[in-house]
Amino acid sequence: MCIAGMCCIGLFLVVGTWFKPSFFWNSSQCLKVRHRLGNRGTQAFYYGLGGILLFIVIAYLTGFNSIKELVIFAMIALIFIYFFAKKSNGFSFKSLSLSQGKTVKDKWKCANLRRELDRRVSATTAERLVEHERFKYPNKPESWYLDKVIYDLKRGR
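Just so you know, we're using our numbering here: the sequence shown kicks off at 37 and counts up by one.
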């Protein structure tokens, strides 16, 4: 049962990355990865993850006994994914860190901009607009996205 589940998940990741259906490619989790890695980096990430899962399933079903080769293959695949994602969109492990080390001034600026944006539109609309700008212009600071959305709203765009 677990092997069948791994096979299904691996196929879903590979096929979902290849055909990019909207329920997969525009899901909140995929958008977070796309924001961090860009489109090509996200494709490499999901292809690699799905490929590793499918390889593990095939190795298990064919009686692959040596775990050493499996670990070596997984490490080579992860290195390949890292370099492909880095080459395609300037990916680094620093960009994956959860805390960005913002200064107090940046936090206040973002809070003020967020309040101004919330006065103009509802919270869900504001979040949707900011996410859209993040997708269009990746790797910008949060205050830039908020400024851009407010600027566009003032101009009626």
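Backbone N, C-alpha and C define an ideal beta-carbon position, used for all residues, glycine too.
Cutoff 8 Å; reference residue i; Cβ partners in own chain excluding five residues on either side
{"i": "L149", "result": "S179, L182, D183, I186"}
{"i": "L47", "result": "G86, L90"}
{"i": "S43", "result": "Residue 43 is actually Cys in this sequence, not Ser. Closer than 8 Å at Cβ, skipping near neighbours: L89, L90, V93."}
Cβ-Cβ distance between residue i and residue j below 8 Å
{"i": "L189", "j": "R156", "result": "yes"}
{"i": "T53", "j": "Y82", "result": "yes"}
{"i": "H71", "j": "P177", "result": "no"}
{"i": "D154", "j": "A162", "result": "yes"}
Neighbourhood of residue i by C-beta, 7 Å cutoff - its chain only, sequence neighbours within 5 removed
{"i": "R57", "result": "For the sequence presented, residue 57 should be read as Pro rather than Arg. Once the five neighbours on either side are set aside, P57 has no close Cβ partner at all."}
{"i": "E167", "result": "L67"}
{"i": "V69", "result": "T78, F81"}
{"i": "T160", "result": "none"}
{"i": "I45", "result": "L89"}
For residue j and residue i, the rounded distance between their alpha carbons
{"i": "R76", "j": "G99", "result": "34 Å"}
{"i": "S133", "j": "V93", "result": "The predicted position of S133 is uncertain, since its pLDDT is 46 and thus under 50; a value taken from the coordinates is nonetheless stated next. Whole-angstrom Cα-Cα distance: 31 Å."}
{"i": "E152", "j": "G192", "result": "16 Å"}
{"i": "K172", "j": "V51", "result": "24 Å"}
{"i": "K104", "j": "L49", "result": "25 Å"}
{"i": "V107", "j": "E169", "result": "39 Å"}
Cβ neighbours of residue i in the same chain (closer than 6 Å, five flanking residues each side left out)
{"i": "I88", "result": "A110, A113"}
{"i": "R164", "result": "none"}
{"i": "K145", "result": "S179"}
Next on the checklist: Report the start-end ranges of each alpha helix (DSSP H) in the segment 145-178 that is 4 residues or longer and not cut off at the edges.
Outcome noted: Runs of the alpha helix (DSSP H) lying entirely within the segment 145-178, each at least 4 residues long, are 159-172 in chain order.
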